[in-house]
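>
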Amino acid sequence: MYLLQFATTTDLTATIGGFDSAVTSAATSTSTTTSRIFNIGEALGNLNSIIAGFDFSVPTWDLFIILFFLLSALVYGLILGRDRIILMLISIYIGLAVLRSSPFLDQLIPKDYGPNNVFLFKISLFIGVFVVLFFFLSRSSVLKTLAKNDAPGGWLEVIVFSLLQVGLLISITLSFISPEYYNQLSSFTRNWFLGPEAEFFWIVAPIVAMALLGRGNSDD
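Everything in the sequence shown is counted per my numbering, starting at 788 for the first residue and increasing by one.
(1) So, under 8 angstroms CB-CB, PHE921 and ILE872 are touching, yes? Tell me the CB distance rounded to an integer number of Å.
(2) Assign PRO983 to one of two classes, buried (16 or more other C-beta atoms within 10 Å of its C-beta) or exposed (fewer than that).
(3) Give the DSSP-derived three-state secondary structure of PRO993 in the structure shown.
(4) Compute the Euclidean distance between the alpha carbons of PHE851 and LEU857, then round it to the nearest angstrom.
(5) What number of angstroms, rounded off, separates the C-alpha of ASN970 from the C-alpha of THR960?
(6) Count the C-beta pairs between the region 987 to 994 and the region 911 to 925 that are closer than 8 angstroms, then say yes if the count reaches three, no if not.
(7) Any idea if ARG1066 is buried or exposed, counting beta-carbon neighbours within 10 angstroms, 16 or more meaning buried?
(8) I need the boundaries of the alpha helix (DSSP H) containing GLN894, first residue and last residue.
(9) Please state whether DSSP places GLY982 in a helix, a strand or coil.
(10) As a quick exercise: from LEU999, GLY941, SER958, LEU924, pick the residue whose alpha carbon is nearest that of MET875.
(11) Helix, strand or coil for GLY954 per DSSP?
(12) Return the chain-ordered list of same chain residues with a C-beta closer than 7 angstroms to the C-beta of LYS909, the five sequence neighbours on each side being excluded.
(13) Just tell me which of LEU955, PHE980, LEU865 has its CA closest to the CA of LEU883.
(14) Closer than 8 angstroms by C-beta to PRO993: which residues in its own chain qualify, once you throw out the five before and the five after it? Chain order, please.
(15) Can you check which of these residues, SER973, ASN978, VAL885, PHE980, is closest to VAL919 by C-alpha distance?
(16) Taking the straight line between their C-alpha atoms, what separation do you get for PRO890 and LEU981?
(17) Distance check for ILE946 and LEU1000, CA to CA, integer angstroms please.
(18) Residues in its own chain within less than 8 angstroms of PHE906 by CB, not counting five upstream and five downstream?
(19) DSSP three-state call for ILE964: helix, strand or coil?
(20) For the alpha helix (DSSP H) holding TYR880, just list the boundary residues, first then last.
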């Protein structure tokens, strides 16, 4: 009888222990699931707060810059191809060097022009020089030297050169803005596209990319 009572007590204790273990495991699993749901909800909340920060009813410089950066990189990558993008980069470098080194640029700007008109004048002049240079270079032997065949280049090269070219254009465009308007841009735009460090990065990065990614084509 004592043995039967001992066995019954042992089985009951084991059953209770197993039940407690199952409850603890279920609680732990529920806590983990709840934590994951909370993290996902927190991430979605952060994403919603970021999206809410963009006021599409009142477009800002930053919104235009981001849209221009993304859309232009996609369009350039799909249409132009690697070789013409590199040719456009060369035209941008030459045009920037011509404008920055020209001693008569300030004399061409009328004295009664406001900051906005000066900005538009410099941008128009830069675009004009860039288009003329690209037109002549595309008809010269430079494009034939860059491309040994009609292949548009790998997707990686197209995407990299497209992003770097658009980033360089944005940096050059914003460099013509009067410093009194810098505060109207976000800190992200000022850090990545304005100032000597940002301009140096966008000027050097395409050169480094051409040196690194161009090795694969030179070995063919």
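C-beta: ideal position from N, C-alpha, C; glycine also.
Treat the numbers as computed from the prediction; the structure is a model and nothing was measured.
With the structure as the only source:
(1) Indexing the sequence shown from 1 puts residue 921 at position 134. Indexing the sequence shown from 1 puts residue 872 at position 85. Going by Cβ atoms, the distance from PHE921 to ILE872 rounds to 11 angstroms, so no, they are not a contact pair.
(2) Along the sequence shown, one-based indexing puts residue 983 at 196. Counting Cβ neighbours within 10 Å, PRO983 comes out exposed, since fewer than 16 surround it.
(3) Reading the sequence shown from its first residue, position 206 is the one you call residue 993. Three-state DSSP puts PRO993 in a helix.
(4) Within the sequence shown, numbered from 1, the residue matching residue 851 stands at position 64. Within the sequence shown, numbered from 1, the residue matching residue 857 stands at position 70. Cα to Cα, PHE851 sits roughly 10 angstroms from LEU857.
(5) The count along the sequence shown starts at 1 and reaches residue 970 at position 183. The count along the sequence shown starts at 1 and reaches residue 960 at position 173. When rounded, the distance between both Cα atoms is 16 angstroms.
(6) Touching, no, given that fewer than three Cβ pairs across the two stretches are closer than 8 angstroms.
(7) Beyond the ends of the chain as shown, which are 788 and 1007, falls residue 1066; an answer cannot be given.
(8) Locating residue 894 in the sequence shown gives position 107, counting from the first residue. Run containing GLN894: 892 to 895, per the alpha helix (DSSP H) assignment.
(9) Numbered from its first residue, the sequence shown carries residue 982 at position 195. Reduced to three states, the DSSP call for GLY982 is helix.
(10) Here residue 875 refers to the residue found at position 88 when the sequence shown is read from its first residue. Considering only alpha carbons, the answer is LEU924.
(11) In the sequence shown, the residue the question calls residue 954 occupies position 167. Of the three classes helix, strand and coil, the one that applies to GLY954 here is helix, per DSSP.
(12) By one-based count along the sequence shown, residue 909 stands at place 122. Here the set comprises PHE963.
(13) For the purposes of this step, residue 883 is taken as the residue at position 96 of the sequence shown. With distances taken between Cα atoms, LEU883 lies closest to LEU955.
(14) By 1-based counting over the sequence shown, the position of residue 993 is 206. The residues are LEU876, PHE948, LEU951, GLN952, LEU955.
(15) For the purposes of this step, residue 919 is taken as residue 132 along the sequence shown, with counting starting at 1. Among SER973, ASN978, VAL885, PHE980, the Cα nearest to that of VAL919 belongs to VAL885.
(16) For the purposes of this step, residue 890 is taken as the residue at position 103 of the sequence shown. For the purposes of this step, residue 981 is taken as the residue at position 194 of the sequence shown. When rounded, the distance between both Cα atoms is 23 angstroms.
(17) The residue you call residue 1000 lines up with position 213 of the sequence shown. The residue you call residue 946 lines up with position 159 of the sequence shown. Going from the Cα of LEU1000 to the Cα of ILE946 covers about 12 angstroms.
(18) Your numbering for residue 906 matches position 119 in the sequence shown. So the list reads PHE963, ILE964, SER965, once near-sequence residues are dropped.
(19) Reading the sequence shown from its first residue, position 177 is the one you call residue 964. Of the three classes helix, strand and coil, the one that applies to ILE964 here is coil, per DSSP.
(20) Here the question's residue 880 lines up with position 93 in the sequence shown. Counting along the chain, the alpha helix (DSSP H) containing TYR880 begins and ends at 869 to 888.
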